[in-house]
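Numbering of the sequence shown is given in our numbering, commencing with residue 393 and proceeding in unit increments. We treat Cβ as the ideally placed atom computed from N, Cα and C, and that holds for glycine. The structure appears right after this line, and notes come after that.
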Amino acid sequence: MSTLVECVPNFSEGRDRARVDAIVDAMKMDGVYLLDR
């Protein structure tokens, strides 16, 4: 059985697309899924 861990980071950079992209890129790895952006 797989374990699900949900994390909800809070970044106040929503208007800066480049920063949001950098945050998303930093968390990309096998087995990690971004649910919403």
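Nearest-angstrom beta carbon gap, E405 and V416 [assumed within contact, 8 Å]: So it is not a contact: roughly 11 Å between Cβ atoms.
In whole angstroms, what is the alpha-carbon distance linking G423 and R429? 17 Å
Endpoints, alpha helix (DSSP H) assigned at D408: Element bounds for D408: n/a, residue is neither H nor E.
Of the residues V400, S394, T395 and M393, the one placed nearest L426, counting alpha carbons only: V400
From the DSSP output, in three-state form, read off D413 for me. helix
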